[in-house]
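Numbering (our numbering), first residue to last: 639 to 896.
Just so you know, even glycine gets a beta-carbon here, dropped at the ideal spot from N, CA and C.
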Amino acid sequence: MGGALTWRARPKRVRRRGFLSPAMQVVVSALLLAVGFGFYRYLKESDFLSIRWIAVDGVQTLSPSTVATASGITTADNLLFFDAQAARESVEALPSVHTCSLERIFPDRVDLRVIERAPAVTILVDNHLFEVDAKGQVLTALPQSAEHTGPLITNLPGLDTIAPGGCVYSPAFDTALRVWWAFGDTHMAKAVTVSELAAFSPNHVVMYCNELPCEIRWGRGRYAERARRLDILWQSHHGHLPCAQYVDLRFDRDVVCR
């Protein structure tokens, strides 16, 4: 016969009480919030984290003080809590600034690094001079007697008033820039100085050089090709153009010289 079966009752689970009662949990949470808020207030109001130094790097034409002032950062600001994005955007709103980056240096310094826009040419509008970058951004107004960057682009149609910070939207201006860049790749460009590009229309840009008695007429696209034909003419005559009045490059295959 098999042995008699024995059994025992399974012991009941004993519920463990929580480490903290609900009331104590509320109290502890409130204490943690109070400590956190107090620490936040300490960081925000502490003189230890007040900004004392603003370093500016990368300026070429602007002064460091101009950039620092434009950022809006002051000694009343806290290193951790000031609006860095707003500071960057304020600096980038300066016409001469292309980009601005910002770095917080613990405990009391901010570094601003700017990349300035480079002037490419100068335009004459309503008897006022403006330096303009390669994308048409107007950088600064110049006195009439000031030395300017690149050739003077004149006779731009449809431009009544412009100001630093604005942009030149003009097909004739775009053509003048392309002409200037294409001509800059020639041997001839090393020997003559382009003083003016009269941009009457996208298909009629007239170049004037200090050393030449004749004007050079551009238009109708393919400016690199037209510049090469001009350069061949220049070199074949040993650094001269056999023209007294004009050279017209606007024809597809021929260079008209008069």
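Query, Result
"8 Å CB neighbourhood of residue 830 in its chain, flanking five on each side removed", "847, 848, 849, 850"
"Where the alpha helix (DSSP H) containing residue 816 begins and where it ends", "809-822"
"Bounding residues of the beta strand (DSSP E) (the contiguous stretch that carries residue 801)", "Counting along the chain, residue 801 falls outside any beta strand (DSSP E), and DSSP gives it neither H nor E."
"Beta carbon of residue 759 nearer than 8 Å to that of residue 787", "yes"
"Unbroken beta strand (DSSP E) run spanning residue 689, endpoints", "That residue, residue 689, is in no beta strand (DSSP E); it is neither H nor E in DSSP."
"Buried versus exposed, by CB contacts within 10 Å (16 or more), residue 880", "exposed"
"6 Å CB neighbourhood of residue 708 in its chain, flanking five on each side removed", "728, 729, 732"
"Rounded separation between residue 808 and residue 798 - CA only", "12 Å"
"C-beta contact flag for residue 864 and residue 887 at 8 Å", "yes"
"DSSP three-state assignment for residue 707, whether helix, strand or coil", "helix"
"Neighbour-count burial assignment, residue 662, 16 or more Cβ in a 10 Å radius", "exposed"
"Exposure label - residue 890; buried when at least 16 CB within 10 Å", "exposed"
"Distance between beta carbons of residue 754 and residue 699, contact taken as under 8 Å", "6 Å"
"Buried or exposed (CB count within 10 angstroms, at least 16 for buried), residue 855", "buried"
"Neighbour-count burial assignment, residue 803, 16 or more Cβ in a 10 Å radius", "exposed"
"Burial state of residue 743, where buried means 16 or more other Cβ atoms lie within 10 Å", "exposed"
"Neighbourhood of residue 838 by C-beta distance below 8 Å, restricted to the same chain and skipping five residues each side", "793, 795, 810, 844"
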